[in-house]
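This note's numbering applies: residue 1 is where the sequence shown begins, and numbers increase by one.
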Amino acid sequence: MKKILVTGANSYIGTSFETWVSQYPDKYSVERISLRDDLWKEVSFKDYDVVFHTAAIVHVKENDESEYYRVNTDLTIEIAQKAKREAVQQFIFLSTMGVYGTETGYITKETPPTPKTPYAKSKYEAEKALSEMHSSDFNIAILRPPIVYGKGCPGNYRKLANMAIKLPFFPRVENERSMIYIDHLSEFIRLIIEKRIGGILFPQNKEYVNTTKLVRHVSAAYNKDIKVSKLFNWAISLGQKNSDVFRKVFGTFIYDKAMPGGPGFKVVGESLDYETTSFEESIKCTEGREQSNE
Numbered sequence: 001m002k003k004i005l006v007t008g009a010n011s012y013i014g015t016s017f018e019t020w021v022s023q024y025p026d027k028y029s030v031e032r033i034s035l036r037d038d039l040w041k042e043v044s045f046k047d048y049d050v051v052f053h054t055a056a057i058v059h060v061k062e063n064d065e066s067e068y069y070r071v072n073t074d075l076t077i078e079i080a081q082k083a084k085r086e087a088v089q090q091f092i093f094l095s096t097m098g099v100y101g102t103e104t105g106y107i108t109k110e111t112p113p114t115p116k117t118p119y120a121k122s123k124y125e126a127e128k129a130l131s132e133m134h135s136s137d138f139n140i141a142i143l144r145p146p147i148v149y150g151k152g153c154p155g156n157y158r159k160l161a162n163m164a165i166k167l168p169f170f171p172r173v174e175n176e177r178s179m180i181y182i183d184h185l186s187e188f189i190r191l192i193i194e195k196r197i198g199g200i201l202f203p204q205n206k207e208y209v210n211t212t213k214l215v216r217h218v219s220a221a222y223n224k225d226i227k228v229s230k231l232f233n234w235a236i237s238l239g240q241k242n243s244d245v246f247r248k249v250f251g252t253f254i255y256d257k258a259m260p261g262g263p264g265f266k267v268v269g270e271s272l273d274y275e276t277t278s279f280e281e282s283i284k285c286t287e288g289r290e291q292s293n294e
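Written out as structure tokens, the structure is:
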């Protein structure tokens with residue numbers, strides 16, 4: 001039985017992971033802890049095999065950059081130091097694709113991180129500190145997932161899905177995005193715990209996602225046939241030059257699939273297959289339509 005402590009009581013990824021591994025009640029025990037006050041300092045980590053650190057600040061209302069570093073960097077280091085001191089075997093840190101400082105491009109293992117936002121900078125500073133703490137007795141796994149989607153997931157996917165539901169037509173674009181379904185990410189985390197894998201890891205779905213195809217799958221989940229057209233692609237091209245939002249929606253932004261943790265990732269010659277369902281089915285599940293034809 002592996003005992004896992006998830007930091008971030010209301011974390012979407014943390015709670016989803018807990019739900020996922022509940023199907024293995026004899027293998028994993030998951031508890032969650034809030035870091036909103038200092039009460040966590042009184043909690044012993046000695047009984048846990050793994051600390052999965054998901055707690056973070058993504059947006060600061062008053063644009064106080066120091067708050068990003070206080071939570072995303074300093075608090076992360078403090079949690080990791082306590083875990084190492086109390087003999088936790090593995091520390092998993094949820095970082096971000098944002099450390100590359102761009103919304104478009106092809107990311108390979110040679111691509112250097114150049115974070116630009118306070119959020120990404122604070123995450124990258126935590127990564128560097130954690131990497132120095134790695135040892136044979138304290139395994140550090142740093143995850144840089146791309147866009148995560150799934151039922152109830154906040155963020156850019158939901159905005160795009162709402163467009164698919166409401167709009168009568170959508171541009172036909174030829175782009176590719178790295179994405180990962182929440183169940184695939186949860187299974188990936190389970191496997192790196194099972195195999196005690198460390199390092200910087202880049203989990204993603206087996207296939208890149210085309211935005212137009214994504215919108216059509218969402219539309220189909222509601223029995224709606226959305227029309228697609230290249231008529232306004234000139235406006236899309238113009239928008240990508242001037243808008244971060246357009247680049248995030250219509251640009252190409254992918255990880256090289258050969259990067260550690262990618263599809264077919266091998267550990268001691270064994271491939272770790274963490275994709276549990278097809279892309280089409282993952283969209284149906286995300287939209288809550290897997291049991292419905294309404």
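Ideal Cβ placement from N, Cα and C applies to all residues, glycine included.
Determine whether the beta carbon atoms of residue i and residue j lie at a separation below 8 Å.
i    : j    : result
R144 : V99  : yes
I189 : F52  : yes
S219 : F169 : no
V30  : V21  : yes
A56  : R32  : no
A164 : I226 : yes
Q81  : V50  : no
With DSSP as the reference, label residue i as helix, strand or coil.
i    : result
F169 : strand
T286 : helix
T7   : strand
E174 : coil
V21  : helix
N210 : coil
G239 : helix
E270 : strand
L231 : coil
R190 : helix
Y222 : coil
S44  : coil
S34  : coil
I57  : coil
I200 : strand
V215 : helix
S95  : coil
Q90  : strand
Assuming residue i contacts residue j (C-beta within less than 8 Å), just tell me the rounded distance between them.
i    : j    : result
K338 : P115 : Nothing can be reported for residue 338: it is not among the residues displayed for the chain, which extend from 1 to 294.
P260 : I200 : 7 Å
Y255 : I107 : 5 Å
Taking 7 Å as the line, does the beta carbon of residue i fall inside it for any heavy atom of the ligand MN?
i    : result
F253 : Judged by which ligands are present, the structure shown has none, so any question about the ligand MN falls away.
Specify whether the stretch 87-102 and the stretch 150-158 touch according to this definition: at least 3 beta carbon pairs, one from each stretch, less than 8 Å apart. Because the criterion of three Cβ pairs below 8 Å is not met, the stretch 87-102 and the stretch 150-158 do not touch.
Going residue by residue through the stretch 97-173, where are the continuous beta strand (DSSP E) segments of at least 3 residues, counting only ones entirely within it? The qualifying runs are 105-107, 139-143, 147-149 and 169-171.
The stretch 203-213 touching the stretch 176-188, judged by at least three CB pairs closer than 8 Å: Touching, yes, given that three or more Cβ pairs across the two stretches are closer than 8 Å.
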